[in-house]
Ligand code: NA
Ligand code: NA
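Protein chains in written order, with this note's numbering: chain R, 3 to 126; chain Y, -18 to 70; chain D, 35 to 963; chain L, 2 to 509; chain S, 40 to 205; chain U, 278 to 398.
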């Protein structure tokens, strides 16, 4: 295999792996649920993207023709990951999950979980 | 080089999976666990792709695709459950 | 075929009363009598032949494998019994016509009676041991029905049950005994058996066989200690008592003793058992009879006593005793039947059977009284009556006994004692009922019965007299023939004359008579003495015993089957453990010879993930939602494992199934408690941990033992023929839709049925919907989050496309109808989750039930399609077609089959999930049809 | 079609059940059409089965290679006298249940007739298949159908009984798969006959593993057959089920019994070397205990349905004894007993229901209640059923008992078997006489005749259909015993089986 | 109802499906194009009843640019998140903001919410019932929260409005 | 590898069986699910464990045993149907019996250990 191709694939993979790992580390390290929500939705998704591209390159190289069906997984992920995060955030709001004390604008939680505009609270 | 990097990525993915499991077990909130599960789905997609590359086969692509599709449905269902109790209403 | 006519006639006769009942009582009785009368005529025509010493046999093959032949035998003993049965039977029918009241179901009564008559006749005519036993049991049954005839009375029901139980038990013992005898002889043919006496007596199993047969005989003939049922059988209408429980059925036991006499008698064991039993019964019956205030009770115990007497005679070691026994069978039948009928008349015309109330009836019914008194005198053994003759013979024979060694003198003494009581109770019957002052508040004013009711009694009493006075003339030849069959032709010298001169038996008779008079005269003292003992009611004891048995059984049963599933499961597992562990201990080493494969970090990680999340599921199972999440992890790892070990199809299937399962569990969880407390005691937990760990260990051991050993499998065939024979390169899929397509057809049938069953479960479900979650927090008001709905809508076409892709490639690459079906289902479920039933219901107008049915139907019809080509069901077809511009494409019947699978899966999954969802909506499935 | 006769007992109910789910048969308003279809199907199914039975009797055992793949690679159906006997029996029972349901049970819930058909399909499949995994599949078909049928009509009792029944059977199914994995993992085949050939050639260690698999399988069959201590589910389940369902269930235990007879005579039979007859030592004590516990249960039964269910347990014990005796004679005896006991216990469940209909709230409980309104009819039916099941002549029970007793030969066998069977018979008599006298003879008043429901002619005809076997098996006893003897001989003659399937060549 | 909207209710979808089909099969042979086209026409027809009409993409090229921009944002900003995650936790200053929305139809809102979630540092947590506000959780909130609001509104919402012309 | 594999199978069996022995329906269902995983893995491994040998003709030199895979597929589907049934049955039991105990009533020995002995009144 061509060294440069190998290098390209390797770096894509390693980068992807790294992001995946970071996402999971974030899942452990970050201190509250809302914050934790950021790590896997983004880092992990991106990391997976890296691995997918790596795989695409690898397979295309291996089989001698362009293999792009990995893109499909990416497509799915890009469509679904935000929705998952959104739903989980909704649940967190609904359940009034405790958050870091220094979280700003905590007042929004009350209105957000009722799906009400923020002004209403300010009026009261 | 490629083989070594694959092994390295494998190790990373394993560590990531174990970390996910760790979060899944400690919670503290159910949403944390669902999040951990969802992350696990994505990480296992990575693992399967890696395995496909490692053994030079495309046989496992559909499995990865399926995890992407079904993992989403399952996470959403969990979420809906926590929101409404009744997931099909 | 002349013999066969007899039981056949009677069998037809069973239905005659049921049909003729509508023509009136007299007509019914008349028609009922036809069959026995004809049978008796038939017997009569055969009488000369039999009396000349011949044995008539006829047989017809029936079930040779069992040894059951329809085989009849008419010899002296049989003809004697047959005449008694039919003769007395006819009289009973006539009598019963007047005895039964308008309210009684006469047809049914007669039908039972004739049924009994058939059975009884079949016993005595039987030439096959099994056939004999069959008839024997039918007599028990018909007796049960007749005793319980007045079924609304408690005593009838209890008496009937007790009789059935005791005689039924005896019948089973008898069966065992007969089977042993047949096993020894090698034949069920009575003739063969009777000719093999020595062989049987010398066989090691002889004692067992003897005891079993005696148990049968003794229970039927109410011998001590099985006598207790007979008095309670008197709850039956009096004709029944007269017929079954005195003249005939109870004699079946005696008949059996007589019948088997040539085979079983002649040993110490026989003499001791039979004679002592007879003696005990004789004494006990005679003694107790004296104290019975109930007229029928007295007669019942008297019957017991006389049966004991006959048994004693059969148990004596002389041939003459056997002759006396046969003689007494006849005599007893005649006088006892008449006495019962008389007692019935008294009961019928006075409304009471209590001898303390019945007094001085002589003035009201002198004619009946005369008849009864003659019969009672015969029972007491007064000269010039038949009873006297056989009793004299009996006394004579007691003097010759040596069975008890130096104690043998006791036999005549005790026999005389029995005689004393016999005279005493007979006296009581006469004096206490017909004289002894005036009746004390009896319900009716007694009077003579209708003319025809007396006829049977008259005939029998006349017979008593005639036999008593002209014994040789009347029954000499019959007795000879009968005795000859019992004794296998070796008849002793005997004389039937009334007068044998002054001898010891006469003295004994004299003692018995005077003693009886004295006992009766001083009876009041005896009554006082007897009253010290608490009277035991056998019925109560028996019922008590049965109820105690039932109670014990219930307690034991409840202790065992305590309704605890946990226990049943534990038992199942423990038995599994014992059974599987035992062979494993024979295995030297679990490890086989296959080289072990290396393990890498990813695999170890996966194993850790799997084990920990499985354990977490166990530990956290009381937090149900969390347990579901950990369960999902297990499912995920399992599917990755399948992928790892070269099973992509499995991985895909497992993934899809797992998600649907979890969604299903979540739907259910909504209606179940979310969290529960720890409810298991530590002991229970330790026990369960033990069982579970042992099971896990055993399974793992077996698994290890298997996968470390080489084996030769039929799979090479599939790999070799998948492409050429099945037209696909995905061998797993070809196996599923072709090689083992039948399994798959069954599998989708299971899925379809499950969906139907679940629909049934849901249809009547009434569940309260929790309005808040476990923490009491009301549900979010956002039923269908906007973004979710939007995304689901966009994903649907994509998911369907993937589903089509997976479906179409299945034959050659991982995939197939099942997985495709699940993907489609999940995509649609996703729509349900996002939009809700209300929204979907009008938009998807597919009847999921039809979808299931047509799915399975398509698969099955695809299979049946091969019939058109003369091939077996499910034979597949495929071919390649070269199409211009496009190239080669493959068409295969397997695709159609897989389409069936696909539709079934979609239909089943959605039928389940959608209807489950509807539970909380206005589309709630309701009670249907 | 005659060439495909072997698969029809499975396909007819399948197609029938499916058509009943589709228009024009589906829908609440079309129940008359479904009934007609069900009746037609049963008649067809019985005709096909009898046809195949006659063919088997004339031409010997036959097999049907599904998908045209020869044994041991494809799934084969195997029809011999044994399987055909059970298939025909199943058809008769199914017809009885169908007829009985016409009286109204089939309208107490959805899908009655289709489910009944599916259950028949599963049972027939289990009897006909020559493949162990296919046997598992058909077990599941019949089980899932029975789960669904068990809740037909609804009610707490049914639900609770179903919970136990389903969970136990799910564990049982898991064990079945463990067993299959073990047997496949050692022998490398799934065809029963092929497995028999291969099992003898295994090394000692592999044989031990196969033995563990075989014993696991025994648990599975034992659970279906309600062998002690796996029988606890039965009384409650059968007593809770709707009458026609319970009647059909009478054959469900026999599926387990059939499995035991087939598998342990063929795979672990005489030719299996070290493993020959390995389950007999386990069966003996369990069979005895099954009879004893069944008898205790019979005494303890508070109503006729429970009593009948416990009689089923006793019959299972008796059949296990017949199996444990190992000889063809004993097998023949067992088969006779099996047919007789299945029909009569099936009938008893129906009778219990009919009696229950006429006794008000007391149903078939052994308590004083109002008089049944048709005492003669029900009394006779009960009486015949009771006599039959108690083994009293002149009905088939006594021959059933007799043949089993006769097949015990050695003194030890006699010493154990006879007392147990005879005493169980006595207990049956006691229990049934108590039952009968209480239900028919002990009543308060005549009851209000106007409001009493008379049993329908469908119900009566169903009961008569099932009870008819009782006298017929006596009258034509020779025919039946000839058949069972031949069936038993055939079962024990493995060489014939191998030849029919051309197995030795295939494996070579 | 004209022929096109009857037989090709969602042309964009259909095209996407065809592309995906070819991707899945990794082939552009005539056979696959025909099969893919059939599916691409059939599946939307099947799905049609389950689709709620949405505004069409009026400016596909703008949409394409938008996608590229978002992808770029994802990559760039992910690195920031990664650094935050591995760095000291005290640096993280989370907070909520409420973003006023100009969009009011489902699809554009969804696209915006998804974009917000995918781009680093923000997760869209809730849309108000009146669809006028989007609540966003911010991982690392700048001192002036208006900065975030402006970013979302100008960089993303404006583009989306253009794409859907609403 | 083999040892690790069977350890996992044993562990799943252990967990499944333990849950099957619980007194409420939901854990039993969980247990049955776990047990079915164990069963499927067990049955699957009866064709021995092989890497890189998927039974797709033309992709490698050696193939794994396809038959157990087909069997497991059937078993998975049937298991799914059964689990689905038992889940809904558990719901039905809750509806009909008012609780979710497998016996329809609280087991007599429940809470023995956990309930603190009541203080004297
Ligand atoms: Na719902
Ligand atoms: Na008196």
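By construction, the Cβ of each residue, glycine as well, lies at the ideal position given by its N, Cα and C atoms.
In terms of CA proximity to residue 68/R, 66/S leads the group 187/S, 183/S, 201/S, 66/S. Only residues of its own chain outside the window of five on either side were considered, and among them 276, 279 have a CB closer than 7 Å to the CB of residue 212/L, listed in chain order.
For residue 297/U, the closest Cβ of chain L is nearer than 9 Å.
For residue 156/L, no beta strand (DSSP E) segment is defined, and its DSSP state is neither H nor E. Along the length of the stretch 554 to 580 of chain D, whole alpha helix (DSSP H) runs at least 4 residues long occupy 557 to 565, reported in chain order. Look at residue 64/R: its C-beta is not under 9 Å from any C-beta on chain D. Taking a cut-off of 8 Å on C-beta distances, the stretch 358 to 366 of chain U touches the stretch 785 to 793 of chain D, as three or more cross pairs fall below it.
Between residue 455/D and residue 561/D, the C-beta spacing is not below 9 Å. No Cβ of chain D is located within less than 9 Å of the beta carbon of residue 7/R. Within the same chain, 17, 20, 21, 26, 114 come within 8 Å of residue 38/L by CB-CB distance, once the 5 residues on both sides are set aside.
Scanning its chain for C-beta atoms nearer than 8 Å, with the 5 sequence neighbours on each side dropped, one finds around residue 604/D the residues 721, 722, 725, in chain order. Cβ atoms of residue 884/D and residue 55/L stay farther apart than 8 Å, at about 38 Å.
Not a single CB atom of chain R sits nearer than 9 Å to the CB of residue 6/Y. DSSP places residue 709/D within a strand segment (E or B) once states are collapsed to three. Excluding residues up to 5 positions away in sequence, 272, 273, 274 lie with their Cβ nearer than 7 Å to the Cβ of residue 201/L in the same chain.
Taking a 10 Å sphere around the C-beta of residue 338/U, we find fewer than 16 other C-beta atoms and assign the residue as exposed. Annotation: Cβ neighbours of residue 15/Y in chain R (cutoff 7 Å, chain order): 90. With contact defined as three or more Cβ pairs closer than 8 Å, the stretch 46 to 55 of chain Y and the stretch 852 to 867 of chain D are in contact.
When the five nearest sequence neighbours on each side are left out, the beta carbons in the same chain lying within less than 7 Å of the beta carbon of residue 105/S are those of 198, 202, in order along the chain. Per the Cβ contact rule, the stretch -16 to 4 of chain Y is in contact with the stretch 24 to 35 of chain Y (3 or more Cβ pairs under 8 Å). Any Cβ of chain D closer than 9 Å to the Cβ of residue 374/U would place that residue at the interface, and such an atom is absent.
In the DSSP assignment, residue 103/D forms a beta bridge with 95/D.
Residue burial is scored here from C-beta neighbours: residue 504/D has fewer than 16 other C-beta atoms within 10 angstroms and is therefore classed as exposed. Around the CB of residue 279/U, 16 or more other CB atoms lie within 10 Å, so the residue is classed as buried. In this structure, residue 932/D and residue 851/D form a Cβ contact; the two beta carbons are roughly 4 Å apart against a cut-off of 8 Å. Annotation: residue 433/D to residue 317/D spans about 17 Å, alpha carbon to alpha carbon.
When the beta-carbon positions are compared, residue 336/L and residue 188/L stay at least 9 Å from each other. Residue 312/L is a Cβ neighbour of residue 299/L, given a cutoff of 9 Å.
Around residue 203/L, the same chain offers 187, 188, 211 as residues with beta carbons nearer than 8 Å, after the five sequence neighbours per side are excluded.
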